[in-house]
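Residue numbers are given in UniProt numbering: position 231 of the sequence shown equals residue 231, and the series is strictly consecutive. Think of the CB as a built atom: it goes at the ideal place given N, C-alpha and C, for glycine as much as any other residue.
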Amino acid sequence: MRYDFKEIEEKWQKKWEEENAFHMEEDAEKPKYYALEMFPYPSGNLHMGHVRNYSIGDVVARCKKMQGYNVLHPMGWDSFGLPAENAAIKHGTPPAEWTWSNIDNMRRQLKRLGFSYDWEREIATAKPDYYKFTQWMFLQLYKHGLAYKKKSYVNWCPSCQTVLANEQVVNGKCERCKSEVGKKDLEQWFFKITDYAQRLLDDIDKLSGWPDKVKAMQANWIGRSEGAEMKFQIAGSDQFLTVYTTRPDTIFGVSYMVMAPEHPMVDQLISGKPEEEACRAFIKKVQTQSEIVRSATDTEKEGVFTGCYMINPFTEEKIPLYLANYVFLDYGTGVVMGVPAHDQRDFDFAKKYHLPIRIVIQPEGQNMKSEEMTEAFAAEGIMENSGCFNGLSNRDALKKMIAYAEEKRIGQKKVNFRLRDWLISRQRYWGAPIPIVYCPHCGTVEVPEEQLPVLLPENVKFTGQGKSPLSECPEFVNTVCPKCGAPAQRETDTMDTFVCSSWYFLRYTDPHNDKMPFDKAKADYWMNVDQYIGGVEHAILHLLYARFFTKALHDFGYIDCEEPFANLLTQGMVLKDGSKMSKSVGNVVSPEEIIAKYGADTARLFILFAAPPERDLDWNDTAVEGAYRFLNRVWRAVDELTPYLSEEPLDKNSLNEKEKKLRFAVHASIKKVTEDCARFSFNTAISSIMEMVNALYVYKENTKTAEYHSALLTEAVENLIVLLYPFVPHIASELWEISGREGKLTERAWPQADMEALQVNEVEIVIQINGKIREKMMISPEASPEQMKETALSNEKVQALIAGKSIVKCIAVPKKLINIVVK
């Protein structure tokens, strides 16, 4: 019988769908397991990265179900976003039409791959029944003081006359018209994630199932630092600027101050001064630079004098205030002390603008001179030129200086976070509308929950220029105030798509609830996600926002869990010719082509076998063909042995040596695959199954059919099919059926290794001479190193090879090898 993958895969995909084989409900009698891969953006076509991500998740889900768990394994679509709007501008295709068409195609592709999704739980963030509750989430945060509006700088294209997202700015230019992008100060909505900064940081320690590198990335992004806020008076004024510094021990070394060009007090400070024109030109220049460029260590540090001076609260010295490109409004207070001797950026700036360099910390036992310095000294040392703090170690001085500042009320100890509040406003159409109304009488008014969803209108025009399409749609903008009934206007910003993806895993637990985003009992049954799988590129923002939402919803009383994902696996990229697959590079391999030529099972098997999940995978056409040949080999073996299978019980005590070897291979594979799947070592698990198939062929080719041990072959074939099932479910299901096995493979329990079958009288070890393999031999697994040495040295081939040479030493690794070192 021929292995017709096309017919087989279509048959089983249809059967699973008809049987609703992967639908799960809450079941208190079973342990639950929530397996989830990051849901995709519906770009229109799956790529091999998708195939890898979802194949990993499918193995996990199928294994856990066979191991007795009640498994939730859903799929949906992160369907709002900029590409749909760009398609509308470029091709005149409405975003909804473009999106739903792409979803239909990608759903079809996913089903062709045979993934075990509960399609009854499918969600799409762009559907009103979903974004109704994204808006509900906004209202909960707003009611609890965690959503607010303030002015903030955004990317602005002067040619398109529109706000651009960061991803629309390429090398400082608009990706659409190539104009230089500047900054514009607009009213924006924010979520107050900074209120959760310390908890988000502390609870990283609870994420024992997350990769260390991801936890480190989150900790660095939150960026907790301890220091002090110091008040510097503006000379000739009763006003102060507050500075946050982690190095108050260097305050006597301040020779200038720097301020972010975006600081709200800049206009007041420079107005009417001779330096105003130069300052405004500098501000304009800096607004064209991205924060990435400004913060890069190799970017030239530039600034301009404001004409203002500040008073150092410790020395009462007047020091000049500059604007500088390396200072940012959203870190600390937007004002920084310039300490050239002890900070490299400040050192570079001072050298450029000929500002004083004052050493206030000396390396112990040394005497640096500022005129000889070639770089800043940022290490620990002994205080000098610092008044009553001279002679102290800078660590001791730091504490005493903070205490002095608090006593004199010129400063205070302060913990600061790099994390900034989450800007969620997007001046775009294809996103969840923000449920806020502006009334001339009542001010800012939230849309009542019973009036949700605030629907996206469909009759909008896309030009790529001017304001958001929503603001040009009077039917949407004009409304009535929910409080007083007077004419009012809707908020025309939509929400960042990260908002939609910050709670989607909760919606899967109760996707058809039209009253609430989810039922608490159902969410508490399934949450948290036991295994989350996705790319490391989402290690910071998406995962951090999801953690924030989960903690907030816990605090509001809607769920019991405080962390969304118990375990996290970040899979590597799929590469071709050493580069990430990309249309622009021309190295894309289409999953459709592989499925058409070899079948979905071959695509899955290759991508799981080619590399461990966490590492990058280099595409290899030869290896794909190898995976296909292996499946054909499995098919032939089961097809040829099926007539010899029986239902007789296996008498383990009646097996001869040849039969024991086969049974050893079967149960060694069960043990290895079980252990390897638990740690996501799918490549070695598949390798073990291949060894089992080899053993089956060895037995078949060295045994007359009349001497076949039917019960043993039945055990071997059944376990082979069951072990293959999570990796290649279509062929496994077909082989289960044609071999006459009872029951549904989807309901089959995971096999248990018989440890007695793994007890062997002899094991094969290799004999090395000076590190090179020269011979193999069979030996008792209990042999001591001395016995291994005696047996190896009695081997005739070994004796010939070492004849006339002196044995320096013998290194024995029990059950594996012995290395004889000679000279």
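Residues that residue i bridges to, as DSSP identifies them
i      : result
Arg426 : Thr494
Thr245 : Ala228
Glu37  : Ile533
Cys439 : Gly443
Leu617 : Val574
Thr374 : In DSSP, Thr374 forms no bridge with anything.
Phe240 : Gln233
Trp156 : Val163, Gly182
Leu817 : Val766, Val813
Gln188 : Lys150
Ser393 : Ile382
Phe305 : Tyr322
Proximity winner among the options, relative to residue i (alpha-carbon distances)
i           : options                        : result
Ala96       : Ile251, His667, Glu701, Trp430 : Trp430
Gln768      : Gln799, Pro643, Ala757         : Gln799
Val466      : Gln427, Val336, Tyr54, Phe609  : In the sequence as displayed, the identity of residue 466 is Gly instead of Val. Looking at the Cα atoms, Gln427 is the closest of the given residues.
Cys484      : Thr509, Tyr438, Asn394         : Tyr438
residue 865 : Tyr256, Lys660, Arg748         : Residue 865 lies beyond the range of the chain shown here (1 to 823); nothing can be said about it.
Glu563      : Glu26, Asp129, Tyr54, Asp203   : Asp203
Val293      : Asn390, Val258, Lys173         : Lys173
Gly578      : Phe377, Lys597, Asp618, Ser590 : Asp618
Leu110      : Gly81, Ala376, Gln268, Glu37   : Glu37
Val574      : Asn325, Ala126, Ser590         : Ser590
Lys301      : Phe548, Asn325, Asn45          : Asn325
Asn394      : Lys369, Leu423, Pro363, Glu406 : Pro363
Val154      : Tyr148, Asp185, Asn171         : Asp185
Glu691      : Leu724, Pro94, Thr705          : Leu724
His50       : Met106, Asn416, Glu9, Glu29    : Met106
Lys318      : Met755, Ile193, Tyr256, Pro649 : Tyr256
Met373      : Glu17, Lys351, Tyr196          : Lys351
Presumed contact (8 Å Cβ cut-off) between residue i and residue j, rounded CB distance
i      : j      : result
Leu720 : Ser733 : At roughly 13 Å, the Cβ-Cβ gap does not stay under 8 Å, so Leu720 and Ser733 are not in contact.
Gln606 : Ala627 : Note that residue 606 is Phe in the sequence shown, not Gln. At roughly 4 Å, the Cβ-Cβ gap stays under 8 Å, so Phe606 and Ala627 are in contact.
Ala376 : Pro340 : 7 Å
Tyr309 : Leu321 : 6 Å
Tyr699 : Lys658 : 7 Å
Leu207 : Lys215 : 6 Å
Trp189 : Glu449 : At roughly 18 Å, the Cβ-Cβ gap does not stay under 8 Å, so Trp189 and Glu449 are not in contact.
Lys815 : Ala753 : So it is not a contact: roughly 18 Å between Cβ atoms.
Where residue i falls, given that 16 or more other Cβ within 10 Å makes a residue buried
i      : result
Met1   : exposed
Pro474 : exposed
Lys284 : exposed
Pro42  : buried
Arg112 : buried
Arg62  : buried
Lys414 : buried
Asn620 : exposed
Ser794 : exposed
Val480 : exposed
Leu146 : buried
Asp496 : buried
Ala521 : exposed
Arg615 : exposed
Ile686 : buried
Leu758 : exposed
Arg547 : buried
Glu60  : The question names Glu, yet the displayed sequence has Val at residue 60. By the 10 Å Cβ count, Val60 comes out buried.
Asp493 : buried
Arg507 : buried
Ser116 : buried
Lys65  : buried
Range covered by the beta strand (DSSP E) that runs through residue i
i      : result
Pro320 : 318-324
Thr162 : 162-164
Lys772 : 772-779
Gly338 : 335-338
Asn312 : Careful: Asn312 lies outside any beta strand (DSSP E) and carries neither H nor E.
Gln799 : Taken as a continuous stretch (DSSP letters only), Gln799 belongs to no beta strand (DSSP E), being part of the alpha helix (DSSP H) at 796-802.
Residue i beta carbon near the ligand ADP (any heavy atom closer than 7 Å)
i      : result
Leu723 : With respect to the ligand ADP, the structure offers nothing, as it holds no ligand at all.
Unbroken alpha helix (DSSP H) run spanning residue i, endpoints
i      : result
Phe606 : 600-609
Phe664 : 657-678
Gln412 : Here Gln412 belongs to no alpha helix (DSSP H); instead the beta strand (DSSP E) covers 411-417.
Val722 : 710-724
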